[in-house]
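Novice:
There are 2 protein chains.
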Amino acid sequence: MSLDDKPDNTAKPHDRLAEALASDMAAVDALIAERMASENAPRIPEVTAHLVGAGGKRLRPMLTVAAARLCGYEGSLHHNLAAAVEFIHTATLLHDDVVDESKQRRGRPTANLLWDNKSSVLVGDYLFARSFQLMTDTDNLRVLSILSNASAVITEGEVLQLSAAEDLNTTEDTYYKVVRGKTAALFSAATEAGAVLAGAPEDQIAALHDYGESLGIAFQVVDDLLDYLSDAETMGKNVGDDFRERKLTLPLIKALAKADADARAFWTRTIDKGDQREGDLEHAMELLHATGALEETRAAALEWADRGRERLKVLPESELRQMLDDLADYVVARLR
Amino acid sequence: MSLDDKPDNTAKPHDRLAEALASDMAAVDALIAERMASENAPRIPEVTAHLVGAGGKRLRPMLTVAAARLCGYEGSLHHNLAAAVEFIHTATLLHDDVVDESKQRRGRPTANLLWDNKSSVLVGDYLFARSFQLMTDTDNLRVLSILSNASAVITEGEVLQLSAAEDLNTTEDTYYKVVRGKTAALFSAATEAGAVLAGAPEDQIAALHDYGESLGIAFQVVDDLLDYLSDAETMGKNVGDDFRERKLTLPLIKALAKADADARAFWTRTIDKGDQREGDLEHAMELLHATGALEETRAAALEWADRGRERLKVLPESELRQMLDDLADYVVARLR
Chain B
1141 MSLDDKPDNT AKPHDRLAEA LASDMAAVDA LIAERMASEN APRIPEVTAH
1191 LVGAGGKRLR PMLTVAAARL CGYEGSLHHN LAAAVEFIHT ATLLHDDVVD
1241 ESKQRRGRPT ANLLWDNKSS VLVGDYLFAR SFQLMTDTDN LRVLSILSNA
1291 SAVITEGEVL QLSAAEDLNT TEDTYYKVVR GKTAALFSAA TEAGAVLAGA
1341 PEDQIAALHD YGESLGIAFQ VVDDLLDYLS DAETMGKNVG DDFRERKLTL
1391 PLIKALAKAD ADARAFWTRT IDKGDQREGD LEHAMELLHA TGALEETRAA
1441 ALEWADRGRE RLKVLPESEL RQMLDDLADY VVARLR
Chain E
1141 MSLDDKPDNT AKPHDRLAEA LASDMAAVDA LIAERMASEN APRIPEVTAH
1191 LVGAGGKRLR PMLTVAAARL CGYEGSLHHN LAAAVEFIHT ATLLHDDVVD
1241 ESKQRRGRPT ANLLWDNKSS VLVGDYLFAR SFQLMTDTDN LRVLSILSNA
1291 SAVITEGEVL QLSAAEDLNT TEDTYYKVVR GKTAALFSAA TEAGAVLAGA
1341 PEDQIAALHD YGESLGIAFQ VVDDLLDYLS DAETMGKNVG DDFRERKLTL
1391 PLIKALAKAD ADARAFWTRT IDKGDQREGD LEHAMELLHA TGALEETRAA
1441 ALEWADRGRE RLKVLPESEL RQMLDDLADY VVARLR
């Protein structure tokens, strides 16, 4: 890979990153394929192949590789680290689908539906264990510490989300705690660990951690906003899924903060009590617009993306840094 | 703690070990209580407290502490390691109960029954992550490697057990693969990691690994045999649970190897097809006795225990070594 080969600047930032890091990412893919195998239990590669075959963008491992390269890393252990990050992500997806009783993921039936919950739980555990083996290969205890902390925080976020579900008293503070856990913790660990592996100076490590965190938060806020904006075609899910599932995401929390007595009664009936009738989603959308909740959520996402871009300035200018900057911009681009 | 304080030799080996290692185990308990907490997600300590409060014998962490002490360790990081071992064990119990849809564990309702499967899956994940944090604290990469390998092997064993269930072609080889995974891998990792942390010579590390593995296998073979021998009072479960659940454990595998055409038809109907009728368990017991399957299983358990005791001889004689020797003897004592 040479970062000097000029990639096509009209492509999406994610694709340009993928192109610039193509040989690294091919090595990561090979490592993923090798380590997800199990001689002893053939069911394991069946299930993982289903998920890994479904693609996904490998965004998180790409962030690890990019952070390591950006900090001048020239070894090959960042591949192990990136594969570990992807395994943690895949394990949490497998367990999430059990927890949420999901039937679709990336437009395909989920593993819990194709096999059973048992396989999803155990194969998720297997990938967690494999991710720790991969990290141990790096011989870098600080990297292990970052990623084991992230794994704990991810789970705390998911558990907190369970107890916050359907609870109208959920605050923005709780929302951000959940988001930092379930989404941003792995983004920030991915970038931070890459920088640590590269032996970067502390201010660059901190900057890349913060960039990853802000990017992850922006990513999730956008996701929660688009749930109320997009149509099934673009998102692979339906408008208002979060409303129907009574999830307290940022748009709803902001609308609740400005609800009058009537609106409050409406949210209590539909979210707290779960009594949803025909026309409720449309009324919910009206309230979300009228209170400015959607507009405020949009502004929050843009602010997080800008915060992430700002932190990148700590790092020396380079084409790769510009790609990460563009990536943060791209995450929120659909909202501009 | 002083190992020179003569413990009561008439007590059970497990209790004598607990007494000899009392101050170490108190420190381990304190660490467990501290690390299972979560400020961000109060549901987590509720669930873990339920399980940890239920007691259990802390056999695995005690083995870690004993191995470290036996190899002359004088620091305190073996407490972290022991707590990590107990967390891995507790996490696998939580996930097992989801996988098996269990309703009781240690005579109390399971977490999946008291809360829900979601909480059990996520809190198990949390404990896995916490265990890796605890291991990282030891600053010892070899220890991390041993325990992350064990975690992968445990899961492989569980997955292999899933696909071997109800399959009359299951061999003793497959049975031992499952047992090495689901039970013995954590025992051997517990003793080996303790020895590694203590900086023991390689032959002692290998001996303690083998002791743990043999003890674990003996432990599981006894458990599988007692399923056909004991009554509900002594085991907390009923005679023949494994038969009813169509599990291919060692007694059944041995009986199948000697089955004539009639017996084969019986096992095919009851285990393969799952068509079980009144009187079937009694007939199964007759076949298990008549083929010598129970007697052979008993002999296998005794042999594994002896193999473990033999390996201890590599270590210098001490009171603690004698206790581990007695422990291996005790595991199979109910069969003598």
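Note that the protein sequences, when read in sequence, are chains B and E. Reminder that position 112 of the first sequence reads as 1252 in our numbering, one-by-one numbering, no gaps. Reminder that position 66 of the second sequence reads as 1206 in our numbering, one-by-one numbering, no gaps. Every residue, glycine too, gets a C-beta built ideally from N, C-alpha and C.
Please name the residues in the region 1280-1295 of chain E whose beta-carbon is closer than 7 Å to at least one beta-carbon of chain B, in chain order.
Specialist: Leu1281, Leu1284, Ser1285, Ser1288, Asn1289, Ser1291, Ala1292, Thr1295
Novice: With burial defined as no fewer than 16 other Cβ atoms inside 10 Å of the residue's Cβ, what is the status of Asp1144(E): buried or exposed?
Specialist: Numbered from 1 along the second sequence, position 4 holds the residue referred to as residue 1144(E). Confidence at Asp1144(E) is low in this model, with a pLDDT of 37, below 50, so the placement of that residue should be treated as unreliable; the coordinate-derived value is given next. It is exposed - the Cβ of Asp1144(E) has fewer than 16 other Cβ atoms within 10 Å.
Novice: Within the continuous alpha helix (DSSP H) that includes Lys1258(E), where are the two ends?
Specialist: As a first step, residue 1258(E) must be located in the second sequence, where it is residue number 118. Element bounds for Lys1258(E): 1257-1276.
Novice: Please state if the CB of Ala1333(B) and the CB of Thr1204(B) are separated by a distance shorter than 8 Å.
Specialist: Residue 1204(B) sits at position 64 when you count from the first residue of the first sequence. Residue 1333(B) sits at position 193 when you count from the first residue of the first sequence. Yes, the pair counts as a contact, with Cβ atoms nearer than the cut-off.
Novice: Nearest CA to the CA of Lys1387(E): which residue from Leu1287(E), Ala1206(E), Thr1310(E)?
Specialist: As a working note, residue 1387(E) is residue 247 in the second sequence. Of the listed residues, the one whose Cα sits closest to Lys1387(E) is Thr1310(E).
Novice: Is Gln1360(E) close to chain B? Criterion is C-beta to C-beta, closer than 8 Å.
Specialist: Counted from its first residue, the second sequence places residue 1360(E) at position 220. Chain B contact via Cβ: absent.
Novice: Using a Cβ cut-off of 8 Å, which residues of the region 1162-1196 of chain E contact any Cβ in chain B, in chain order?
Specialist: Ser1178, Asn1180, Ala1181, Pro1182, Arg1183, Ile1184
Novice: Can you look up Val1471(E) in the DSSP assignment and give me helix, strand or coil?
Specialist: Counting from 1 along the second sequence, the entry for residue 1471(E) is found at position 331. Reduced to three states, the DSSP call for Val1471(E) is helix.
Novice: I want to verify the contact list: residues of chain E whose CB lies under 7 Å from the CB of Leu1421(B), in sequence order.
Specialist: Your numbering for residue 1421(B) matches position 281 in the first sequence. Those do not exist, as Leu1421(B) stays about 26 Å from chain E at its closest Cβ, beyond 7 Å.
Novice: For chain E, is any of its Cβ atoms less than 8 Å away from the one on Lys1258(B)?
Specialist: As a working mapping, residue 1258(B) is identified with position 118 in the first sequence. By this cut-off, Lys1258(B) is an interface position.
Novice: Tell me, to the nearest whole angstrom, how far the beta carbon of Thr1276(E) is from that of Ser1288(B); I am working on the premise that it is less than 8 Å.
Specialist: As a working note, residue 1276(E) is residue 136 in the second sequence. As a working note, residue 1288(B) is residue 148 in the first sequence. Contact holds; Cβ gap of about 6 Å.
Novice: Could you say which of Ser1178(E), Leu1337(E), Ala1305(E), Asp1236(E) lies nearest to Gly1414(E) if we only look at CA atoms?
Specialist: Mapped onto the second sequence, residue 1414(E) falls at position 274. The alpha carbon of Gly1414(E) has as its nearest neighbour, out of Ser1178(E), Leu1337(E), Ala1305(E), Asp1236(E), the alpha carbon of Ala1305(E).
Novice: Please tell me whether Glu1373(E) has its Cβ less than 8 Å away from any Cβ of chain B.
Specialist: Residue numbering aside, residue 1373(E) sits at position 233 when the second sequence is read from its first letter. Any answer about Glu1373(E) is weak, because its pLDDT of 45 lies below 50 and its placement is not dependable; what the coordinates show is given next. Glu1373(E) does not count as touching chain B.
Novice: From what residue to what residue does the alpha helix (DSSP H) around Gln1344(B) run?
Specialist: Here residue 1344(B) is taken as the residue at index 204 of the first sequence, counted from 1. That run of the alpha helix (DSSP H) goes 1342-1366.
Novice: Considering just the uninterrupted stretch of the alpha helix (DSSP H) at Ala1177(B), what are its terminal residues?
Specialist: Looking up residue 1177(B) in the first sequence gives position 37. It is not in any alpha helix (DSSP H) - Ala1177(B) carries neither H nor E in the DSSP assignment.
Novice: Would you decide whether Ser1354(B) is buried or exposed? Buried here means 16 or more other CB atoms lie within 10 Å of its CB.
Specialist: The residue you call residue 1354(B) lines up with position 214 of the first sequence. When all chains shown are included, Ser1354(B) counts as buried.
Novice: For the region 1328-1342 of chain B, which residues have a CB atom closer than 7 Å to at least one CB atom of chain E, in sequence order?
Specialist: none
Novice: Give me, in chain order, the residues of the same chain whose beta-carbon lies closer than 7 Å to that of Pro1391(E); leave out the 5 immediate sequence neighbours on both sides.
Specialist: The sequence position of residue 1391(E) within the second sequence is 251, counting from 1. Same-chain partners within the cutoff: Asp1364, Leu1365, Tyr1368, Leu1428, Ala1433, Leu1434, Thr1437.
Novice: Are the region 1259-1273 of chain E and the region 1212-1231 of chain E in contact at 8 Å, needing three or more beta carbon pairs?
Specialist: Output reads yes: the region 1212-1231 of chain E touches the region 1259-1273 of chain E.
Novice: Pick helix, strand or coil for Asp1382(E), following the three-state DSSP scheme.
Specialist: Here residue 1382(E) corresponds to residue number 242 of the second sequence, with the count starting at 1. Of the three classes helix, strand and coil, the one that applies to Asp1382(E) here is helix, per DSSP.
Novice: For Ile1343(E), which residues in the same chain have their Cβ closer than 6 Å to its Cβ, ignoring the five residues on either side in sequence?
Specialist: Taking the first residue of the second sequence as position 1, residue 1343(E) is located at position 203. One detail in the question is off: residue 1343(E) reads as Asp in this sequence, not Ile. The beta carbon of Asp1343(E) lies closer than 6 Å to those of Val1454 in the same chain, with the five residues before and after it left out.
Novice: Kindly indicate the opening and closing residues of the alpha helix (DSSP H) around Pro1456(E).
Specialist: The residue given as residue 1456(E) occupies position 316 in the second sequence. Neither: Pro1456(E) is in no alpha helix (DSSP H) and is coded neither H nor E.
Novice: Return the first residue and the last residue of the alpha helix (DSSP H) that Ser1216(B) is part of.
Specialist: Numbered from 1 along the first sequence, position 76 holds the residue referred to as residue 1216(B). Careful: Ser1216(B) lies outside any alpha helix (DSSP H) and carries neither H nor E.
Novice: Specify the secondary structure class of Asn1289(B) as computed by DSSP and reduced to three states.
Specialist: Within the first sequence, residue 1289(B) is the residue found at index 149, counting from 1. DSSP places Asn1289(B) in helix when its eight states are reduced to three.
Novice: Quick one: is Arg1200(E) near chain B, going by C-beta distance under 8 Å?
Specialist: The sequence position of residue 1200(E) within the second sequence is 60, counting from 1. No, Arg1200(E) does not count as interfacial toward chain B.
Novice: Kindly indicate if chain E contains any beta-carbon less than 8 Å away from that of Thr1323(B).
Specialist: Indexing the first sequence from 1 puts residue 1323(B) at position 183. Chain E, which has no Cβ nearer than 8 Å to the Cβ of Thr1323(B), makes this no.
Novice: So, with DSSP's three-state summary, where would you put Arg1417(E)?
Specialist: Numbered from its first residue, the second sequence carries residue 1417(E) at position 277. Reduced to three states, the DSSP call for Arg1417(E) is coil.
Novice: Going along the chain, which residues of its own chain have a beta-carbon closer than 7 Å to the beta-carbon of Trp1407(B), five neighbours each way excluded?
Specialist: In the first sequence, the residue the question calls residue 1407(B) occupies position 267. Here the set comprises Leu1308, Leu1396, Ala1399.
Novice: Beta carbon of Leu1199(E), beta carbon of Ala1251(E): below 8 Å?
Specialist: Locating residue 1199(E) in the second sequence gives position 59, counting from the first residue. Locating residue 1251(E) in the second sequence gives position 111, counting from the first residue. No, the Cβ-Cβ distance between Leu1199(E) and Ala1251(E) is not below 8 Å.
Novice: Can you give the beta carbon distance from Ile1184(E) to Glu1298(B), rounded, assuming they're within the 8 Å contact cut?
Specialist: Taking the second sequence and counting its residues from 1, one reaches residue 1184(E) at position 44. Taking the first sequence and counting its residues from 1, one reaches residue 1298(B) at position 158. 10 Å between Cβ atoms; not a contact.
Novice: Any idea what DSSP makes of Ala1399(E), helix, strand or coil?
Specialist: In the second sequence, residue 1399(E) corresponds to position 259, counting from 1. Coil, per DSSP.
Novice: Should Ala1181(B) be labelled buried (16 or more other beta-carbon atoms within 10 Å of its own) or exposed?
Specialist: Residue mapping note: residue 1181(B) aligns to position 41 of the first sequence, counting from 1. Under this definition Ala1181(B) is a buried residue.
Novice: Would you say Tyr1470(B) and Lys1152(B) are within 8 Å of each other, going by their C-beta atoms?
Specialist: As a first step, residue 1470(B) must be located in the first sequence, where it is residue number 330. As a first step, residue 1152(B) must be located in the first sequence, where it is residue number 12. Yes, Cβ-Cβ distance for Tyr1470(B) and Lys1152(B) is below 8 Å.
Novice: Residues of chain B with CB under 7 Å from Tyr1086(E), in chain order?
Specialist: This structure cannot settle anything about residue 1086(E), because the visible part of chain E is limited to 1141 through 1476.
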